[in-house]
Amino acid sequence: IEGLSYIKEEKGWLKLGSMTRQSTVDKSALIREKYPLLADTVSVLSDPIVRNRGTVGGNIANGDPGNDYPATMLAYGAEVVAVGPKGERVIPITAFFIGLYESALASTEILTEVRIPASKPHTGGAYLKLERKVGDFATAAVAAQVELDTNGKFKSVGLGLTNVGLTAIKATAAEDFLQGKEASDDNIKQAAKLASEASQPIADVRGSEEYKRSLVKTYTVRALHKAVERAKGN
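Here the sequence shown stands for residues 50 to 283, where the numbers follow my numbering.
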């Protein structure tokens, strides 16, 4: 479908056309320079063959909790644009994933655009993923996006969890805990504990519930530290 492949900053948003290839996102200088969380995410999304064919919209629209973009978009506080016979509507990403392979899209709608809040000073993000082999779905993964105030405290925090529930999970208790606090190791570790408690993993060939919760805790600590480092260097 012509006109649905683009990457642009406009009116306070980074806008991604739903048919933009993952490889295009991966190679974008704009993404690498200003959106490190998204750059991290696309770099570990499946493998180069899939990235050459897979699209931004496709990774989000089918509602697979093992896909990498959903948690990242939750961390960013993104929104998606849907178009159908009744026109266009904008859906907050927090209201988009409603169940396993289920989204808020009506049967007559298609996803046409994904919008991420435009990068600002003192922001940074990171995505960390454990996979058994290149191209596999995550055993667990964590997306972190932070904004620091002038004193180095958390002004805003977004945390998304991949493949530890029937949908991607927004770790709201952990986000709320860090709001206004120092970016200290102790605070980050407490937030990681809350993120682990928010996860809802199912035991499978990738690991037990306990193992996956432990991964969420460890990767939340690492992702937040990396996001903070990037925010300080922005």
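The beta-carbon is built from N, C-alpha and C at its ideal position, and this holds for glycine as well. What you are looking at is a predicted structure, and each value in this text was computed from that prediction instead of being measured.
query                                                                                                                                                                     : result
Starting from GLU324, follow its DSSP beta bridges and name the residues at the other end.                                                                                : Lying before the first or after the last residue shown, residue 324 is absent from the chain, which here runs from 50 to 283.
Given GLY282, which residues of its chain have a CB within under 8 Å of its CB, disregarding the five upstream and five downstream residues?                              : GLY173
Curious, which full-length alpha helix (DSSP H) runs of at least 4 residues does the segment 205-263 contain?                                                             : 221-227, 234-247
For ALA144, which residues of its own chain have a beta-carbon under 8 Å away from its beta-carbon, when the five flanking residues on both sides are left out?           : ALA153
Grab me the residues of SER77's own chain with a C-beta within less than 6 Å of its C-beta, minus the 5 sequence neighbours each way, in chain order.                     : ILE56
Pick from VAL213, GLU180, LYS230, LEU210: whose alpha carbon is nearest that of SER196?                                                                                   : One detail in the question is off: residue 196 reads as Glu in this sequence, not Ser. Answer by Cα proximity: LYS230.
Which residue from ILE218, VAL91, GLY214, LEU208 puts its Cα closest to that of VAL270?                                                                                   : LEU208
Indicate whether LEU273 and ALA192 have their beta-carbon atoms separated by less than 8 Å.                                                                               : no
When the Cβ atoms of the segment 178-193 are set against those of the segment 132-148, are three or more pairs found closer than 8 Å?                                     : no
Can you list, in chain order, the residues of its chain with a C-beta nearer than 8 Å to that of GLU258? Leave out the 5 residues immediately preceding and following it. : PRO250, ILE251, ALA252
Give the secondary structure of SER156 by DSSP, where H, G and I count as helix, E and B as strand, and everything else as coil.                                          : coil
CB THR104 to CB THR69, shorter than 8 Å?                                                                                                                                  : yes
So, with DSSP's three-state summary, where would you put GLY174?                                                                                                          : strand
For GLU180, which option in LEU63, LEU94, GLU51, LEU79 has the closest C-alpha, if you only look at C-alpha atoms?                                                        : LEU94
Tell me which residue opens and which closes the beta strand (DSSP E) that LEU149 is part of.                                                                             : It is not in any beta strand (DSSP E) - LEU149 carries neither H nor E in the DSSP assignment.
Tell whether a beta-carbon distance below 8 Å holds between ALA54 and VAL163.                                                                                             : Rather than Ala, the amino acid found at residue 54 in this sequence is Ser. No, the pair does not count as a contact, with Cβ atoms beyond the cut-off.
Which full runs of the alpha helix (DSSP H) of 4+ residues lie inside the segment 97-134, going along the chain?                                                          : 97-102, 105-110, 118-125
What is the rounded straight-line gap between the Cα of GLU246 and the Cα of LEU227?                                                                                      : 15 Å
Terminal residues of the continuous alpha helix (DSSP H) containing GLU82?                                                                                                : 78-83
Using the Cβ count rule (16 or more neighbours within 10 Å means buried), how would you classify ILE80?                                                                   : buried
Ignore the nearest five residues each way along the sequence and tell me which others in GLN71's own chain have a CB closer than 6 Å to its CB.                           : VAL91, LEU94, ARG100, GLY103
On the DSSP letters alone, give me the boundaries of the beta strand (DSSP E) that GLU285 sits inside.                                                                    : As shown, the chain starts at 50 and ends at 283. That puts residue 285 outside it, with no answer to give.
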